[in-house]
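Mapped onto full-length UniProt numbering, the consecutive letters of the sequence shown carry residue numbers 1 to 350.
Here a beta-carbon is modelled for each residue, glycine too, at the ideal position from N, C-alpha and C.
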Amino acid sequence: MASPSSTQTQSRSPEIRKDPVNNRWVIFSPARAKRPTDFKAKSPQNPNSSSSCPFCIGNEHECAPEIFRVPPDPKSDWKIRVIQNLYPALSRDIGCKKDGDPDAEMRCTGDLGRVVTGFGFHDVVIESPVHSVQLQDLEPREVGEVLLACKKRIEQIKEYDLIKYVQVFKNHGASAGASMSHSHSQLLALPVIPPTISARINSTKEYFDQTGKCCLCEVQPKDLQIDVTTHFISIVPFAATFPFEIWIIPRNHSSHFHELDNEKAVDLGGLLKLTLRKISVQLNNPPFNFMIQTAPLQAIDTQLAYIHWFLQIVPQLAGVGGFEIGTGCYINPVFSEDAAKVMQEVNVPK
Numbered sequence: 001m002a003s004p005s006s007t008q009t010q011s012r013s014p015e016i017r018k019d020p021v022n023n024r025w026v027i028f029s030p031a032r033a034k035r036p037t038d039f040k041a042k043s044p045q046n047p048n049s050s051s052s053c054p055f056c057i058g059n060e061h062e063c064a065p066e067i068f069r070v071p072p073d074p075k076s077d078w079k080i081r082v083i084q085n086l087y088p089a090l091s092r093d094i095g096c097k098k099d100g101d102p103d104a105e106m107r108c109t110g111d112l113g114r115v116v117t118g119f120g121f122h123d124v125v126i127e128s129p130v131h132s133v134q135l136q137d138l139e140p141r142e143v144g145e146v147l148l149a150c151k152k153r154i155e156q157i158k159e160y161d162l163i164k165y166v167q168v169f170k171n172h173g174a175s176a177g178a179s180m181s182h183s184h185s186q187l188l189a190l191p192v193i194p195p196t197i198s199a200r201i202n203s204t205k206e207y208f209d210q211t212g213k214c215c216l217c218e219v220q221p222k223d224l225q226i227d228v229t230t231h232f233i234s235i236v237p238f239a240a241t242f243p244f245e246i247w248i249i250p251r252n253h254s255s256h257f258h259e260l261d262n263e264k265a266v267d268l269g270g271l272l273k274l275t276l277r278k279i280s281v282q283l284n285n286p287p288f289n290f291m292i293q294t295a296p297l298q299a300i301d302t303q304l305a306y307i308h309w310f311l312q313i314v315p316q317l318a319g320v321g322g323f324e325i326g327t328g329c330y331i332n333p334v335f336s337e338d339a340a341k342v343m344q345e346v347n348v349p350k
């Protein structure tokens with residue numbers, strides 16, 4: 001006999017919700033899921049052996065060149081290192097200039113479409129010198145220092161006029177794309193604005209043109225909220241693309257992540273730590289990705305009124321199938337309100 005909560009979930013009618021931020025439709029299909037509280041990763045993502053890990057302290061010589069470390073003194077033990085990616089997706093060595101000289105753009109048109117030479121930066125932020133320490137194990141101030149290291153690197157990269165967008169992201173777990181189990185994040189700086197980013201900007205502009213308001217500044221319904229701090233709020237978005245997707249949003253309008261100050265970094269660090277621990281406890285330490293969704297580096301002033309940066313966390317609980325790939329329309333088996341309620345109620349060990 002089904003439990004009352006399971007029966008209630010199964011009896012809800014499917015809904016198709018429009019996401020005003022990403023301009024996509026999401027099908028909420030509760031018939032495809034168990035109870036929200038049963039929606040866990042099949043097995044926890046246990047860290048691999050630390051033997052011969054190049055990210056561990058003492059093995060710095062095995063890594064690609066270092067960009068900077070925290071603290072900066074090369075004679076003291078480091079807490080955070082920012083290094084070049086040993087296998088970068090783009091090349092920093094093509095020879096582009098910082099000032100955006102037209103000759104440095106190196107753009108041409110191929111027979112099948114436009115081609116842009118693959119200049120860019122692909123860096124790694126090693127979040128701790130200790131192999132077994134995950135981001136959620138750090139103190140809020142320490143998580144904040146990791147975020148500030150990302151900010152510092154973005155500020156360095158934005159001196160190159162040819163760089164249009166910097167994506168900060170973290171892959172946790174092999175099935176989420178992590179090739180190294182030692183806790184780290186990455187930055188990928190691109191000479192183009194990716195289409196998903198452009199689509200999001202166009203969607204938030206449409207909302208702004210219709211209402212005169214930024215859609216992420218709007219008051220979030222209580223049944224979608226998880227936690228609130230002085231400067232940030234964590235929510236399950238109304239039309240979440242993925243089950244238990246969570247956004248952490250600045251409460252005051254802010255377009256660029258790299259404008260984060262020290263006080264807000266500590267506040268965000270605490271909320272990010274809490275959110276990752278809740279996900280780990282409630283969903284059996286699933287693989288996940290997080291992405292910092294921010295404004296293009298050269299966004300003009302009129303765009304800044306409707307671009308609001310946020311941190312997106314996606315636990316990897318359900319695969320993407322042919323329907324999603326073919327249509328760009330996703331199926332989420334867990335209603336956003338149910339996911340938020342589960343996260344509101346989970347007890348996180350101190």
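Please look up how many angstroms separate the CB atoms of F257 and I292, rounded, as I've assumed it's under 8 Å. On the sequence shown, position 257 is the one that residue 257 refers to. On the sequence shown, position 292 is the one that residue 292 refers to. In this structure F257 touches I292 by the C-beta definition: roughly 5 Å separates them, less than 8 Å.
Quick check on the burial criterion: 16 or more other C-beta atoms within 10 angstroms. Buried or exposed for L86? Start at 1 with the first residue of the sequence shown, and residue 86 comes out as number 86. Classification for L86: exposed.
Nearest-angstrom Cα separation, counted from S13 out to V133: Indexing the sequence shown from 1 puts residue 133 at position 133. Indexing the sequence shown from 1 puts residue 13 at position 13. S13 has its alpha-carbon roughly 43 Å from the corresponding atom of V133.
Taking just the CA atoms, how far does I201 sit from P195? Here the question's residue 195 lines up with position 195 in the sequence shown. Here the question's residue 201 lines up with position 201 in the sequence shown. Approximately 10 Å, taken between the alpha carbons.
Classify F232 as helix, strand or coil using the three-state DSSP reduction. Counting from one through the sequence shown, the residue named residue 232 turns up at place 232. In the three-state scheme derived from DSSP, where H, G and I count as helix and E and B as strand, F232 is classed as strand.
Ordered along the chain, which non-local residues of its own chain (more than five positions away) have a Cβ less than 7 Å from that of A149? Translated into the one-based positions of the sequence shown, residue 149 becomes position 149. So the qualifying residues of the chain are V70, I80, V82 and V125.
Hey, out of S254, V192, L224 and T241, whose CA is closest to A340's CA? Walking along the sequence shown from the start, residue 340 turns up at place 340. Checking every option, the nearest Cα to that of A340 belongs to L224.
Would you call the stretch 313-331 and the stretch 254-270 in contact, with 3 or more CB pairs under 8 Å? The way I'd put it, the stretch 313-331 doesn't touch the stretch 254-270; fewer than three beta-carbon pairs between them come closer than 8 Å.
If you scan the stretch 273-340 from start to end, which runs of the alpha helix (DSSP H) of 4 or more residues do you find wholly inside it? Listed in chain order, they are 301-304 and 322-327.
Quick check on Y165: does DSSP put it in helix, strand or coil? Your numbering for residue 165 matches position 165 in the sequence shown. Strand at Y165.
Consult DSSP for A89 and reduce its assignment to one of helix, strand or coil. Numbered from its first residue, the sequence shown carries residue 89 at position 89. For A89, the three-state secondary structure derived from DSSP is coil.
Tell me whether the beta-carbon of V219 lies closer than 7 Å to the beta-carbon of S336. Residue numbering aside, residue 219 sits at position 219 when the sequence shown is read from its first letter. Residue numbering aside, residue 336 sits at position 336 when the sequence shown is read from its first letter. For V219 and S336, no; Cβs fall outside 7 Å.
In the DSSP assignment, find the unbroken alpha helix (DSSP H) run with S185 in it and report its ends. Stepping through the sequence shown from its first residue, residue 185 is reached at position 185. No alpha helix (DSSP H) holds S185; the beta strand (DSSP E) holding it covers H184 to L190.
Classification of V115 by the beta-carbon crowding that lies within 10 angstroms, buried from 16 upward: As a first step, residue 115 is located in the sequence shown; it is residue number 115 there, counting from the start. When all chains shown are included, V115 counts as exposed.
Which residue or residues does DSSP assign as beta-bridge partners of K18? Along the sequence shown, one-based indexing puts residue 18 at 18. Paired residue(s): W25.
Got a sec, what are the start and stop residues for the alpha helix (DSSP H) E142 sits in? Taking the sequence shown and counting its residues from 1, one reaches residue 142 at position 142. Its alpha helix (DSSP H) spans residues P140 to I157.
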